[in-house]
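The block underneath contains the structure these notes are about, expressed in structure tokens.
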Amino acid sequence: MLEQQLLNALTLGSVYALFALGFTLVFGVLAVINLSHGAVFMVGSYAALALVTRLEAPLWAAMLGAMLVSGTLGLLVDMLILKPLRARNAPHLIPMIATIGVGIMLTSTAQGLFGAEILRFPDGILPAGEFVVGDVHVRALEIAIVAIAFVLMAVLFAVLKRTQLGRALRAIAESPKAAWLLGINVERLFHITSFAAAALGGIAGVLIGLNFNAITPQMGQPILHKGIAAIILGGMGDIRGALFGGLFLGFAEVISKAYLSSQMGDAVAFGLLFLILLVRPSGLFGRKLERKA
Amino acid sequence: MSEILRVHDLAVRYGHIEAVKGLDFRLNEGEITALVGANGAGKSTTLLALSGLLKPSRGRIEFQGEDITRLAPHQIVQRGVVQVAEGRAILTTLTVAENLQLGAYTRPDKAGVGDSLDEVYQLFPRLKDRAAQFAGNLSGGEQQMLAIGRALMAKPRLLLLDEPSMGLAPLMVQEIFRTVSEINRAGLTILLVEQNVRQALKIARQGYVIETGKIVLSDSGENLLANPKVEEAYLGG
Ligand SMILES: Nc1ncnc2c1ncn2[C@@H]1O[C@H](COP(=O)(O)OP(=O)(O)OP(=O)(O)O)[C@@H](O)[C@H]1O
Ligand SMILES: [Mg+2]
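One line per chain: the protein sequences are L and U, in this order. The opening residue of the first sequence carries number 1 in the working numbering; numbering runs sequentially from there. The opening residue of the second sequence carries number 294 in the working numbering; numbering runs sequentially from there.
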């Protein structure tokens, strides 16, 4: 049964990692903890559901559409809320509080539009295949979720590591002033980052919605906490850290639910997180690096 | 010799404090012009305004006949005005090679970038040896070379240098000034901000002395070096 749990953990952990990556990217580049990321995740899954049920879109198109919808939402949050705050040199807490407000607005809007009850993808939409390896039942859906998450993360890593755009983003993360002086349009890259991060959050929402086949207006809240935990554990702003932190939380949650307490799985996972932070307060990959002007 | 930059009545404030109080100066194409003055005189503030990072409260900046006063920083870089900022201006978390690649960020001629990289490595062979290292691991002098080399990667028309010799050992200071002269001989116009007044005026054709946000003297570098007022205030009598 351990293998079965490991597969569940990998599935969940890879989606947590995907979610945490967008979250940490925004923190690294914009120096903002965007607490609407959980609500954007929720919007992604409703967008996919609406595309499937109302427009009868195929699942792959619904996923792309969900990324577009949530990405656009992230872009709007940046342009309408974060940008004016940047222009006024607002202290760090202000954008954080503002994005909590955005999250609440989005959650209650979703509740108004779709109701508070759990919605599900219609039959026949989910990939139904299942095969057995040893004693492990592997659903095609799980394979697809893990594959999509890892492909997207690999693309993001490659862009950051190898392209001029990625270098420019890393330059901004170290010093926006130095980036401007290199001729980088920092504001534009803030917009691009906000879009990309929210699109990743949105697809993560679709994947979780598919995995449990359950979508609710509140679904962004627990993952927001896990995302925060993942990036703190990995080291704020570090993308390897987000990957590791997300996977860790997935494993800690599934394994502790399976073997310790099905009710207190999250308590165990977060307790473990706390212990790790006592040993390494700046996270596993964190180099507490103060950003220059 | 034609004028490349003209600054008219430039003023910059930080909140209520006016740090730069109405500067007028001009740079001639192909020359080194020095802007010298004591700590807090307003030199860096002036350069940041030229680069668009600080918005002037009044005045006008014209580059090659175009009013660039209200342009965004990246648009000013695109025009060819490139600054090496004060202190450690490099990106420590990127490698030396990545810093140089980013220097070419605004270049439309991707084909020419490789040539520029060869030129920079020729000018600073040490950077080539350390290409794959994190820039944060370079020595202070090497970091300054990287900062200058990175600015050259943009193929600037006007290079703004903010205290390139700051905090370097005497031998390294010599090397930096030699390099600045060499880059200028190849045709690049340079605005050199320095507290190392003697060295700066030696290699500059024109010089301006700034005190508490105002230009108090302007003359050829040679004449300023011989000027008793400069001697007394900046060259240690
Ligand atoms: N961010 C800021 N906020 C408020 N005042 C500032 C700021 N930066 C500089 N100043 C003030 O503006 C004045 C000019 O500073 P500036 O940095 O331009 O001087 P500088 O000539 O470059 O000096 P140094 O040789 O020490 O670099 C100083 O009085 C300084 O205290
Ligand atoms: Mg200065």
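Here a beta-carbon is modelled for each residue, glycine too, at the ideal position from N, C-alpha and C. Bear in mind that the values here come from a model prediction, so they are computed numbers and not experimental data.
- Option in U:Lys-348, U:Leu-340, U:Leu-298 with minimal Cα separation from Arg-306 of chain U: U:Lys-348
- Tell me, please, whether the segment 192–199 of chain L touches the segment 223–243 of chain L by the rule of three or more beta-carbon pairs shorter than 8 Å. no
- At which residue ranges does the segment 371–412 of chain U contain complete beta strand (DSSP E) runs of 3 or more residues, listed in the order of the chain? 374–377
- Task: Using a Cβ cut-off of 8 Å, pull out every chain L residue sitting near Ala-447 of chain U, in sequence order please.
- Result: Per Cβ cutoff of 8 Å: Leu-182, Gly-183.
- Contacts of His-367 of chain U in chain L (Cβ-Cβ under 7 Å): Trp-180, Gly-183, Ile-184, Asn-185
- Task: Taking only heavy atoms of ligand 1 into account, decide whether any of them is closer than 6 Å to the Cβ of Gly-352 of chain U.
- Result: Ligand 1 never approaches Gly-352 of chain U closely enough for any of its heavy atoms to be under 6 Å from the residue's Cβ.
- Cα-Cα separation, Pro-95 of chain L to Phe-356 of chain U: 37 Å
- Task: Please confirm whether Gln-263 of chain L and Gly-38 of chain L have their CB atoms less than 7 Å apart.
- Result: no
- Please list the partners that Val-370 of chain U has in chain L, where partner means a Cβ-to-Cβ separation under 9 Å. Simply Trp-180, Leu-181, Leu-182, Gly-183, Ile-184.
- Taking 7 Å as the CB-CB limit, is Leu-481 of chain U close to chain L? It does not: the Cβ of Leu-481 of chain U has no partner Cβ on chain L nearer than 7 Å.
- Give the residues of chain L in contact with Ser-344 of chain U, contact being defined as C-beta atoms less than 7 Å apart. Leu-181
- Item | Neighbourhood of Met-446 of chain U by C-beta distance below 6 Å, restricted to the same chain and skipping five residues each side | Leu-393, Gly-396, Ala-397, Ser-409
- Val-186 of chain L (DSSP reduced to helix, strand or coil): helix
- Item | Own chain partners of Ser-256 of chain L with C-beta closer than 7 Å, once the 5 adjacent residues on each side are dropped | For Ser-256 of chain L, same chain residues with a beta-carbon under 7 Å away, outside a window of 5 residues either side, are Gly-265, Val-268, Ala-269 in chain order.
- Task: Return the Cβ separation of Glu-391 of chain U and Arg-167 of chain L in integer angstroms, given the expectation that the two are a contact with Cβ distance under 8 Å.
- Result: 5 Å
- Shorter than 7 Å from the beta carbon of Gln-437 of chain U to some beta carbon of chain L? no
- Message: For Thr-174 of chain L and Gln-164 of chain L, I'd like the C-alpha separation in whole angstroms.
- Response: One point to set straight first is that residue 174 of chain L is Glu, not Thr, in the sequence displayed. The alpha-carbon atoms of Glu-174 of chain L and Gln-164 of chain L are separated by roughly 15 Å.
- Query: Does the separation of the CB atoms of Phe-114 of chain L and Tyr-46 of chain L fall below 7 Å?
  - Reply: yes
- Looking only at DSSP bridge pairs, what is Tyr-307 of chain U linked to? U:Ile-310
- Query: Closer than 7 Å, CB to CB, is Leu-452 of chain U near chain L or not?
  - Reply: By this cut-off, Leu-452 of chain U is not an interface position.
- Message: Any beta carbon of chain U sitting closer than 7 Å to that of Ala-171 of chain L?
- Response: By this cut-off, Ala-171 of chain L is an interface position.
- Item | Presumed contact (8 Å Cβ cut-off) between Val-254 of chain L and Asn-8 of chain L, rounded CB distance | Indeed, because the Cβ distance is near 5 Å, the residues count as touching under 8 Å.
- Message: Would Arg-167 of chain L pass as an interface residue toward chain U - the criterion being a Cβ-Cβ separation below 7 Å?
- Response: yes
- Using 6 Å as the cut-off, classify the Cβ of Ser-474 of chain U as near or not near the heavy atoms of ligand 2, replying yes or no. no
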